[in-house]
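**Q** Residue numbers (this note's numbering), protein chains in the order written: chain A, 16 to 179; chain B, 58 to 458. Even glycine gets a Cβ: it sits at the ideal position worked out from N, Cα and C.
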Amino acid sequence: MNDVAPEILAVIDDLQLRYINALDSQDMNTWLHTFSDDESASYICNTAESAEAGHQIALILDDNRLRLQDRVTFVTRVWAGTYPEYRTRHLVQRTSCQEIQEGLFEVESHVFVSRIPADTGRAELFTTGVYKDRIRVDEQGACFESKHFVMDTSILERYLVFPL
Amino acid sequence: MESTRPDSRPPASSVVWPAKINHVPKEIFVSNELFEEELKRIFYGEEWHAVAHEGEIPNIGDFKTFRHARVPLLITRAEDGSINVMYNACSHRGSQVETKPHGNKLEFECPYHRWLFDAKGSLVGCPAKPGDFSDTFRKEDYPLACPRVAVVHGLIFITLSDKTPPIEEWMAGWTEQLGEVLGGDGRLRLLGYQKVVFRSNWKIYHDNDAYHAPLLHQAFRMLNWQGGKGVQRADERGHRGFRSELSLPRAQTLLKDASLIQYMNNEKSSGLSVSVHLFPAAVSISHLNSIGIRFMSPISVDETEVHYAYFAHADDDEALVRHRVRQSSNLLGPCGLVSMEDASVFHRLYTGSHTPGNAVFQKGVGDEYTMPVEFSQNDESANLPGWEHYRKIMGLKQEEK
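#1: Using a C-beta cutoff of 8 Å, does A:Trp46 count as contacting chain B?
#2: Apart from the five residues just before and just after A:Gly144, which ones in its own chain have a Cβ nearer than 6 Å to its Cβ?
#3: Residues in its own chain within less than 7 Å of B:His80 by CB, not counting five upstream and five downstream?
#4: Around the Cβ of B:Ser60, are there at least 16 other Cβ atoms within 10 angstroms (buried) or fewer (exposed)?
#5: Any idea if B:Tyr169 is buried or exposed, counting beta-carbon neighbours within 10 angstroms, 16 or more meaning buried?
#6: Apart from the five residues on each side of it in sequence, which residues of its chain come closer than 7 Å, Cβ to Cβ, to B:Ala76?
#7: I'd like the list of long-range same chain contacts for A:Leu24, defined as Cβ closer than 7 Å, with 5 residues on each side in sequence excluded.
#8: Between which two residues does the alpha helix (DSSP H) containing B:Ser401 stretch?
#9: Taking the beta carbon of A:Pro178 as the centre, do at least 16 other beta carbons fall within 10 Å, making it buried, or is it exposed?
#10: With distance defined between alpha-carbon atoms, name the residue in A:Tyr174, A:His105, A:Ser129 and A:Glu114 nearest to A:Pro21.
#11: Along the alpha helix (DSSP H) that carries B:His149, what are the first and last residues, could you check?
#12: Within 8 Å of any Cβ in chain A, is that where the Cβ of B:Phe194 sits?
#13: Return the bridge partner residues of A:Ile170 from the DSSP annotation.
#14: Going along the region 397 to 423 of chain B in order, which residues come within less than 9 Å of chain A, judged by CB to CB distance?
#15: At which residues does the beta strand (DSSP E) containing A:Arg151 begin and terminate?
#16: Output needed for A:Pro132: all residues of its chain with C-beta closer than 7 Å, excluding positions within five of it in sequence on either side, in chain order.
#17: Give, in chain order, every residue of the region 247 to 258 of chain B whose Cβ lies closer than 9 Å to some Cβ of chain A.
#18: Quick one: what's A:Lys162 bridged to in DSSP?
#19: Going by DSSP, what residue range makes up the beta strand (DSSP E) through B:Gly287?
#20: Who are the near neighbours of B:Ile215 in its chain, counting only those whose CB is closer than 6 Å to its CB and skipping five residues on each side?
#21: Taking 8 Å as the CB-CB cut-off, is A:Gln116 touching chain B?
#22: Which ranges does the alpha helix (DSSP H) cover as unbroken runs of at least 4 residues, wholly within the region 359 to 384 of chain B, from first to last along the chain?
#23: Any heavy atom of the ligand PLP closer than 7 Å to the beta-carbon of B:Pro184?
#24: Sort A:Val19, A:Val26 and A:Asp18 by Cα distance to A:Ala157 and report the nearest one.
#25: Report the CB separation of B:Tyr144 from B:Ser218 in whole angstroms; it is logged as a contact under 8 Å.
#26: Whole angstroms are fine: how far does the CA of B:Ala291 sit from the CA of B:Met58?
#27: Could you spell out where the alpha helix (DSSP H) holding B:Asp264 opens and where it closes?
#28: State yes or no: is the beta carbon of A:Phe127 nearer than 8 Å to at least one beta carbon in chain B?
#29: Do A:Gln31 and A:Arg151 have their C-beta atoms within less than 8 Å of each other?
#30: How would you list, in chain order, the residues of chain A whose beta-carbon sits under 9 Å from the beta-carbon of B:Ala276?
#31: Specify the secondary structure class of B:Ser60 as computed by DSSP and reduced to three states.
#32: To the nearest angstrom, how far is it from the Cα of B:Pro355 to the Cα of A:Glu117?
#33: Compare the C-beta of B:His380 against all C-beta atoms of chain A and say whether one is closer than 8 Å.
#34: Which residue comes first and which comes last in the beta strand (DSSP E) that contains B:Val73?
#35: Tell me which residues of the region 145 to 165 of chain B have at least one Cβ-Cβ distance to chain A shorter than 8 Å, keeping chain order.
#36: At the 8 Å Cβ level, is A:Leu175 part of the contact set with chain B, yes or no?
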C-alpha cells in the first residue's frame with residue numbers, strides 16, 4: 016500500500032466516500048456516476064459462502080453498464096412505493112491498495128452496514144463485508160471499473176432494495 | 058385417495074375457523090401455540106419435505122447440512138454414489154456433528170468424544186479402552202439415526218413419521234409436472250444460492266410465494282408483460298401448481314439489458330413458467346430459463362428461512378449456463394426484478410395479522426361455502442384447498458354455516 020502515492024490514495028478514498036454517501040442518501044444516479052462509462056463496468060454483490068464455494072449466482076449481478084443503468088430503473092421506478100422504506104449507514108475502511116496496471120488500482124476495504132426500517136425505527140446490523148474494487152484513476156478523477164461486495168453474512172435479512 | 062388423515066387428537070388451538078371457505082383467521086399466523094403444534098403435526102408429522110436436490114451434492118463425498126424446522130440434517134453422497142440423509146447429531150450424546158453448510162469429505166467426526174462416522178452414518182471409530190463402555194456396547198448399534206427418505210427427479214424428500222404414505226401416493230398427480238420444472242429429467246447442476254430470512258410466519262411465505270400478484274409486481278405492467286395462457290391446479294392435500302405460456306413483450310423500453318427476460322433454447326415457445334408447490338412448503342419453479350428450488354425452514358412463529366437454490370441442466374452449454382446465472386440472480390430472488398416486493402410484503406402481512414378478524418380470499422371464489430376445484434391462472438382461490446387441509450390436520454373447529 017505504501018507504494019501508492021498519498022494523493023492517489025486520497026482520490027481513491029474520495030470515490031469510496033462518494034459511493035457510500037450516494038447509497039445512504041438513496042441517490043441512485045450519483046451511485047451510477049461512481050462507475051466507469053465503459054460498457055464492462057460492473058457491480059456484483061454476493062456472499063462469502065458463495066464466493067468460497069465458487070458459485071456463480073449472486074444476490075445482485077450487474078455485470079455490464081446496461082445492467083447498472085437497469086438497477087437504477089429497478090430502484091427508482093419499478094419498486095417505487097412497493098417496499099417499506101429504510102435508512103442505511105455504511106462505514107468503510109480501506110485495507111489494501113495495489114496498482115495492477117498504470118492508473119488501475121485493486122483496492123480492498125472493510126464495510127459495515129446498519130439498516131433502520133422505517134416501520135420499526137430500530138437499528139439492525141444489516142451486514143458486514145469486503146469491497147473488492149478495481150478503480151481507474153486519471154486526470155478526470157477516479158471511478159469504479161468493477162465493484163464486488165462480498166457479504167460476511169450468508170443469510171440476507173428480509174430483502175434488498177438498494178445495492179450495498 | 059383419502060385426502061386427509063383422520064385425526065383423533067384434540068384441536069391444536071381454540072381458534073375457530075369461519076364457515077366461509079375463503080376466510081382464514083389471521084390469528085393462526087401469529088399464534089406461538091399453533092406454531093409449536095405445526096412442528097409436531099406437519100413438519101414432524103405425516104408429510105414429505107424437500108431438503109436438497111442431488112445436483113447440490115454431485116460428487117462422491119459431497120455433503121450439505123440443512124435445518125428442517127429446527128431439526129439438523131446431514132445429507133451426503135457416499136463412496137458408492139448413494140444419497141443419505143441423517144440426523145446431524147452424534148449417536149452418543151447428541152452433539153451436532155457437522156457445522157459447515159456444505160463441503161466434501163467421507164468421514165464426519167464429532168469433536169466432543171471423537172466418535173467418527175462414515176458418509177452413510179455408520180460409526181467407524183470411538184476411542185475407548187477395554188471396559189470403558191457398557192457391557193453391551195457394539196459400534197454397529199450406534200449409527201447416525203435417519204429419517205425416511207425418497208427421491209423424485211433428484212429432489213430429496215424426508216419425513217419424520219412412520220405413518221406418512223409412500224411418496225408416490227402423497228404427491229400423486231404432481232410427479233410429471235415436477236419433472237418438467239426440474240429440467241425434464243431432474244439432472245441438474247447447482248449454480249448457487251440466495252439465502253434469506255423473512256421476519257414472517259412460514260404460512261404467510263408459502264401462501265403468497267409465487268402466487269401471481271400482477272398488481273404488486275409493477276414490473277409486469279411496466280414491461281407490458283401480460284400473463285399469457287395458463288392453468289392452475291390445486292388438490293385436497295394442499296399441493297398446487299401452475300403452468301403458463303408466457304407472452305413476452307415484443308417491444309419494451311424499460312430494460313436496457315433485455316437478457317433478463319429472454320428465453321433461450323426453445324423456439325417453439327416464447328417462454329414457460331411452471332411451478333409445483335407441495336404442502337407444506339416445497340416450492341420448485343422454472344420461469345423462462347431460471348430453474349429454482351426454494352427450501353423453506355420455519356425457525357419460529359415470526360421467522361422463516363428460505364434457501365433459493367438455482368440450477369442449470371447437466372447438458373447445458375456454457376452460454377446457456379451463463380444466461381441462467383444472469384437471469385436467476387436478478388429476476389426471481391429476494392432482490393429480483395419481479396420478486397423483491399414479495400419479500401417485503403411477507404413482513405407487512407405478518408405485522409397486519411396481529412389485528413382481529415380474517416384474511417379474505419376473493420379472486421376466483423364463487424360460492425363462499427363451496428370449495429372450488431377449478432382455477433384460473435391468477436386466482437387466489439387455488440390456495441383454499443390447502444387451507445382446508447391445514448385446518449383438518451390442526452383439528453381446528455369450524456363454525457356452522
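**A** On the basis of the coordinates in this document:
#1: no
#2: Val126, Phe164, Val165, Met166 and Asp167
#3: Excluding its 5 nearest sequence neighbours in each direction, B:His80 has C-beta neighbours in its own chain below 7 Å: Asn415 and Val417, listed in chain order.
#4: Any reading at B:Ser60 must be qualified, since the residue scores a pLDDT of 43, below 50, and its modelled position is unreliable; the value itself is stated next. B:Ser60 is exposed by the Cβ-count criterion.
#5: exposed
#6: Within the same chain, and ignoring the five residues on either side of B:Ala76 in sequence, the residues whose Cβ sits closer than 7 Å to its Cβ are Tyr426, Gln455, Glu456, Glu457 and Lys458.
#7: Non-local beta-carbon contacts of A:Leu24 in its own chain, meaning distances under 7 Å to residues more than five positions away in sequence, involve Cys112 in chain order.
#8: Annotation: the continuous alpha helix (DSSP H) that includes B:Ser401 extends over Met397 to Gly409.
#9: Label assigned to A:Pro178: buried.
#10: For the residues A:Tyr174, A:His105, A:Ser129 and A:Glu114, the minimum Cα distance to A:Pro21 belongs to A:Glu114.
#11: It is not in any alpha helix (DSSP H) - B:His149 carries neither H nor E in the DSSP assignment.
#12: No, B:Phe194 does not count as interfacial toward chain A.
#13: In the DSSP output, where bridge partners are listed per residue, A:Ile170 has none listed.
#14: Hits within the stretch, in order: Met397, Glu398, Asp399, Ala400, Ser401, Val402, Phe403, His404, Arg405 and Thr408.
#15: Taken as a continuous stretch (DSSP letters only), the beta strand (DSSP E) holding A:Arg151 covers Glu139 to Asp153.
#16: Taken in chain order, the residues that qualify are Pro99 and Tyr101.
#17: Leu247, Leu248, Gly249, Tyr250, Gln251, Lys252, Val253, Val254, Phe255, Arg256 and Ser257
#18: A:Tyr58 and A:Asp148
#19: Going by DSSP, B:Gly287 is part of the beta strand (DSSP E) stretching over Lys286 to Ala291.
#20: His106, Val108, Val142, Pro204 and Val206
#21: no
#22: none
#23: In the structure shown, the ligand PLP is absent, as is every other ligand, since no ligand is present at all.
#24: A:Val26
#25: Wrong, their Cβ atoms sit about 14 Å apart, outside the cutoff.
#26: Bear in mind that the predicted position of B:Met58 carries a pLDDT of just 41, short of 50, making it too unreliable to give a figure here.
#27: Trp259 to Asn265
#28: Closer than 8 Å: no.
#29: no
#30: Phe89, Val93 and Trp94
#31: Residue placement at B:Ser60 is poorly supported in this model, since its pLDDT is 43, which falls under 50; the coordinates still yield a value, given next. It is coil, neither helix nor strand.
#32: Between B:Pro355 and A:Glu117, the C-alpha separation is close to 52 Å.
#33: no
#34: No beta strand (DSSP E) holds B:Val73; DSSP gives it neither H nor E.
#35: Pro158 and His159
#36: yes
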